[in-house]
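Position one of the sequence shown corresponds to residue 63 (our numbering), numbered consecutively onward. Virtual Cβ for every residue (Gly too), placed ideally from N, Cα, C. Keep in mind the model is a prediction, meaning the values are calculated, not measured.
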Amino acid sequence: MPVTPFHYPIAKILHQLGGKINLSLPALIVGSMVPDLEVPFISLVSQTQDRLVLHSLIGGLTLGTTIAVFLTVLVYTPLVGAFFPVNKENLRQKCAFSGVVGVSCLIGVLSHVLLDVANHTYNPLFWPLLSAAQTPNPLIQLLGGPDIASLLVHGSMGVLFIGICIVNRNNFWEQLLVGDKNKQARQN
């Protein structure tokens, strides 16, 4: 899997492309990282796999989205507000419970699950309808095998992250962690 923070560029790009929907960047960020919460727990009980429920479409879009909404609304605001110089009112608005936060979390989780397809020899996309072992991933072979696929995914996410940092260097932490509060005004 891409190292969890390497899922961030997809969240930021989705936020920028959100158009009139005005997706919540904090919810996209949290959603894009939530599926990996299961990895340490599954690794403790299984020697063969480290992804299952939150990396499946059904589990990710239901349980993963629920967890992401909870974390966005209750944890992200105090955590980011305590450690980063951001506009706390803008942060509260972007993380307040709403349909936009729910949809943004769902899109973030889905982006994580789909990005991982390009980086694992197996991916439990259709669990519980199919066992994790019954969901081989032909995309890995098309990308040149697991090592090259991993290098391609990590390299492209690293390059995207560097580009995002350069483009958002003004008001850096606000742009990276909360999103531009003037985005909606500029779109109208």
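With a threshold of 8 Å, are at least 3 pairs of Cβ atoms found where one atom belongs to the stretch 174-186 and the other to the stretch 85-97? Remark: three or more beta-carbon pairs, one from each stretch, lie closer than 8 Å, so the stretch 174-186 and the stretch 85-97 are flagged as touching.
Flag this pair as touching only if the stretch 218-227 and the stretch 193-210 have three or more C-beta atom pairs under 8 Å; answer yes or no. With a cut-off of 8 Å, the stretch 193-210 and the stretch 218-227 do not count as touching, because too few Cβ pairs lie within range.
Tell me which residue opens and which closes the alpha helix (DSSP H) that SER94 is part of. Taking the sequence shown and counting its residues from 1, the one referred to as residue 94 is at position 32. For SER94, the enclosing alpha helix (DSSP H) starts and ends at 87-95.
Would you check if there are 3 or more beta carbon pairs closer than 8 Å linking the stretch 145-163 to the stretch 182-190? Taking 8 Å as the limit for Cβ pairs, the verdict is that the stretch 182-190 does not touch the stretch 145-163.
CA nearest to the CA of MET219, picked from ALA180, ILE202, PHE234, VAL240: Here residue 219 refers to the residue found at position 157 of the sequence shown. Ranking the options by Cα distance to MET219, first place goes to ALA180.
If you draw a straight line from the C-alpha of ALA144 to the C-alpha of VAL135, how long is it? Locating residue 144 in the sequence shown gives position 82, counting from the first residue. Locating residue 135 in the sequence shown gives position 73, counting from the first residue. Cα to Cα, ALA144 sits roughly 15 Å from VAL135.
Option in TYR138, SER86, LYS82 with minimal Cα separation from LYS74: Here residue 74 corresponds to residue number 12 of the sequence shown, with the count starting at 1. Selected option, being the one with the closest Cα: SER86.
Alpha carbon to alpha carbon, what distance is there between VAL165 and LYS147? Walking along the sequence shown from the start, residue 147 turns up at place 85. Walking along the sequence shown from the start, residue 165 turns up at place 103. The residue you asked about is not Lys; residue 147 is Pro in the sequence shown. PRO147 and VAL165: Cα-Cα distance of roughly 27 Å.
At which residues does the alpha helix (DSSP H) containing HIS77 begin and terminate? Taking the sequence shown and counting its residues from 1, the one referred to as residue 77 is at position 15. Taken as a continuous stretch (DSSP letters only), the alpha helix (DSSP H) holding HIS77 covers 70-79.
Extent of the continuous alpha helix (DSSP H) run through ARG154: Position 92 of the sequence shown holds residue 154. Its alpha helix (DSSP H) spans residues 150-157.
For TRP235, the nearest candidate out of GLY217, VAL142, ILE210, THR66 (CA to CA): Taking the sequence shown and counting its residues from 1, the one referred to as residue 235 is at position 173. Relative to the Cα of TRP235, the nearest Cα in the group GLY217, VAL142, ILE210, THR66 belongs to VAL142.
Neighbourhood of ALA194 by C-beta, 7 Å cutoff - its chain only, sequence neighbours within 5 removed: Taking the sequence shown and counting its residues from 1, one reaches residue 194 at position 132. Cβ neighbours of ALA194 beyond the five flanking positions: GLN111, LEU114, TYR184, PRO186.
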